[in-house]
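Number of protein chains: 2
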Amino acid sequence: MAALDNNNNLPQVLILKLPPAFALFGDQFFSSEKFQFLKAYESDLPLHQFLTTHAQSVQAILSSGAAVVTADILRLVPSVRLVVATHIGLDNIDLAECCRRGIAVTNAGNVGSEDVADTAVGLLIDVLRKISSADGFVRQGLWPLKGDYPLAFKVSGKRIGIVGLGKIGSGIAKRLEQFSCIISYNSRNKNPSVPYIFYSDLCELAANSDALIICCALTAQTHHLINKQVLSSLGKEGVVVNISRGSVIDEQELVRCLMEGEIRGAGLDVFANEPDVPEELFGLDNVVLSPHSATFTVESFKDLQQLVVGNLDAYFSNKPLLSVVALD
Amino acid sequence: MAALDNNNNLPQVLILKLPPAFALFGDQFFSSEKFQFLKAYESDLPLHQFLTTHAQSVQAILSSGAAVVTADILRLVPSVRLVVATHIGLDNIDLAECCRRGIAVTNAGNVGSEDVADTAVGLLIDVLRKISSADGFVRQGLWPLKGDYPLAFKVSGKRIGIVGLGKIGSGIAKRLEQFSCIISYNSRNKNPSVPYIFYSDLCELAANSDALIICCALTAQTHHLINKQVLSSLGKEGVVVNISRGSVIDEQELVRCLMEGEIRGAGLDVFANEPDVPEELFGLDNVVLSPHSATFTVESFKDLQQLVVGNLDAYFSNKPLLSVVALD
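Residue numbers (this note's numbering), protein chains in the order written: chain Y, 30 to 357; chain F, 30 to 357.
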């Protein structure tokens, strides 16, 4: 009972949806002695009513990628002064509203960014070299029956176009330089400190690339950035790797291009309506489909645990936050 | 008829087994005006009789990886002065006998070595990050039903043990340095010009590695080099990537370790009895199985065409060979 009483006095951190880390490791994963969780997803109440009930006691929100944090939600819990995200790309959070309300936001910082770069390179090699599809061929016992697997395409020396040369895009570029790849990029501004070729026009980047790797954040400006025109510029011998957000690509158009051979292939970790993946892709052997797991490693989840609990502990101890996101 | 007469006067190049390039692109793939092919695999005669019949006219042998070139075969075609291999690792050719008979041997030289290094990195990322198995999960429509895929393991920062630091091993090391991996190696001799940690003892290398990447040639000395003791030193958290030859590993022991969780996983492009793959591996999700296709890219097959035909043309024009193998 003492423990329970103590808990009841702890500040409350709202969780809207079950975080992947809880599903994998249990509710203790982000626990601390400095706060307690208030789990909206365990309540039978409609969300609006649940939030109204706890309006005054909630001081922070823990948000995983799947849980949207809208202006409406923030309006219902006016005592919130902190949103701690467990991920990198914060398109699920209304950052402008956070800014307006003076709410601090933290993200996963550097945690997982190496994993995302690793995944991008893995998906690129996999789709060009047909690793997953050949694995299926061997497992079905077809090698002795059908002979050699059809030729794949070389990775080394390919012209790589990186869309969004931030921390992750730069990490991908650094890795692929050692594959003798020629790196070009498109981003809001040219970065004079990198040796890569800058294209201000995305279609021009695509036309001069064998593979486009999408690494930019999803914003109103980047929604459907990779459209029919860009895919057409990339052309029949080009592949797309997406480790940012599904909606940066016009997914319907991408599916059509893949089915009709208008591009060569795709390695996709993200989709427009996760966990739903366009079923037309399931039968294609020129795609590699990954369940938004680019940061899903044991090692990074341990780092994430420290960072998320560290941010919350810091907040409730009036210490500096560990991975604040600049809101402009 | 004129063309046929001409052909009949051309020197003969023996082919024992259908090369993958012919299966994929047709018999014209390695053709030239300077020689003609004599295809043992198209004859109904037993090989011994076939070779005896053509003993005096055969001047060279074209050998793909699957066709063994034994001392017995060489004895039956004593006019042969050149063996042109279409691949890199020549364990299928009796090199000592070639040396004794003064037969020159050429291999694929640098063609395909970048591809093999790319494949090794691809298999490493794939097995650690569970890319192929997660692709199967998505394609089966399990993501919406089962939720997040189990966590994988990080690639960046891993301790990589390279077995055989030749051209391919060095290419793998160079690539993985940019993943912040710590590179160690074992080879016949320490190479003072590389910055990597040398272990003269293979078990010690394994014990200090998160992943062993096997890149050495198959010889009498390297047969079953990766045995129970080495796998046990690698341990439960270690993975094996093999892009050399299946028999460098004690395959039965590897299969047992994979099934019983004594190592974490494996990415295998090669097997002891290709195209047969141990069926116990088909149901495991901690392995990635590749049908000995590390050099199978459109780009490298084009390069190979030039090199193979170039070697044969050079030989029949008394010009220097392009990719001679040193026989000692």
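Yeah, the Cβ is synthetic: ideal placement off N, Cα and C, and Gly gets one too.
query                                                                                                                     : result
4-residue-minimum alpha helix (DSSP H) runs that sit fully inside the segment 146-171 of chain F, ordered along the chain : 160-168
Proximity below 7 Å, CB of V270/F to CB of L153/F                                                                         : yes
I44/F burial status per 10 Å Cβ neighbour count (16 or more: buried)                                                      : buried
Contact set for F182/F: own chain, Cβ-Cβ below 6 Å, skip 5 residues either direction                                      : L157
Contact belief for S216/F with G193/F at Cβ below 8 Å, rounded distance in angstroms                                      : 6 Å
Closer than 8 Å at the beta carbon, the chain F residues around Y178/Y                                                    : P320, S322 and F325
Three-state class that DSSP yields for N218/Y in the structure shown                                                      : coil
S92/Y: first and last residue of the uninterrupted beta strand (DSSP E) it sits in                                        : V87 to S92
Cut-off 6 Å between Cβ atoms - residues of its own chain near V97/F, not counting five sequence neighbours on either side : N121
Inside the segment 45-70 of chain Y only - beta strand (DSSP E) runs reaching at least 3 residues                         : 65-68
Extent of the continuous alpha helix (DSSP H) run through G198/F                                                          : K196 to E206
Any chain F beta carbon closer than 7 Å to D56/Y                                                                          : no
Cβ-based neighbour list, V251/Y, same chain, cut-off 7 Å, excluding 5 preceding and 5 following                           : Residue 251/Y is actually Thr in this sequence, not Val. Only C245 and V277 meet the Cβ criterion.
Span of the alpha helix (DSSP H), counted from its first residue to its last, around A100/F                               : A100 to L105
Neighbouring residues, chain F, relative to G151/Y (Cβ below 9 Å)                                                         : V150, G151, L153, I154, D155, L157, R158, I160 and V184
Element boundaries [beta strand (DSSP E), containing V353/F]                                                              : V353/F -> no beta strand (DSSP E), and no H or E assigned at all.
Contact with chain Y by P49/F, beta-carbon distance below 7 Å                                                             : yes
Under the three-state DSSP convention, the category A32/F falls into                                                      : Caution is warranted here: a pLDDT of 41 is assigned to A32/F, below 50, making its placement in the model unreliable, and the coordinate value is therefore given only provisionally. Correct three-state label for A32/F: helix.
Close Cβ partners of G1/F (< 6 Å) along its chain, the five nearest in sequence each way excluded                         : Residue 1/F lies beyond the residue range present for chain F, which begins at 30 and ends at 357; the question has no answer from this structure.
Inter-residue Cα distance where the pair is I102/F and S319/F                                                             : 31 Å
Straight-line gap, E266/F to G176/F (C-alpha atoms, nearest Å)                                                            : 25 Å
Integer Cβ distance of P49/F from A84/F, believed to fall under 8 Å                                                       : Actually they do not touch by this definition, with Cβ atoms about 27 Å apart.
Helix, strand or coil at A133/F [DSSP, three-state]                                                                       : strand
Which listed residue (L341/F, L91/F and A323/F) has its alpha carbon closest to that of P179/Y                            : A323/F
CB contact below 7 Å: K203/Y versus chain F                                                                               : yes
Burial state of L328/F, where buried means 16 or more other Cβ atoms lie within 10 Å                                      : Per the sequence shown, the amino acid found at residue 328/F is Glu instead of Leu. Flag for E328/F reads buried.
Segment contact, 8 Å Cβ cut-off, at least three pairs: the segment 196-205 of chain Y with the segment 133-147 of chain Y : yes
Cutoff 7 Å: L33/Y Cβ touching any chain F Cβ                                                                              : Caution applies to L33/Y, whose pLDDT of 43 falls short of 50 and renders its modelled position unreliable; the model cannot decide the point.
Which listed residue (S262/Y, K159/Y and N38/Y) has its alpha carbon closest to that of A236/Y                            : S262/Y
C-beta neighbour in chain F for R168/Y, strict 7 Å                                                                        : yes
Exposed unless 16 or more other CB atoms sit within 10 angstroms - verdict on F64/Y                                       : buried
Proximal residues, the segment 300-319 of chain Y versus chain F, C-beta separation under 7 Å                             : P304, D305, V306, F311, V317, L318 and S319
One or two residues paired with Q41/F in a DSSP bridge                                                                    : Q65/F and V87/F
Local Cβ density within 10 Å of D123/F, reported as buried at 16 or more and exposed below that                           : buried
Candidates Y70/F, L47/F and L91/F: closest to P40/F by CA position                                                        : L91/F
Whole-angstrom distance between L283/F and S273/F, CA atom to CA atom                                                     : 15 Å
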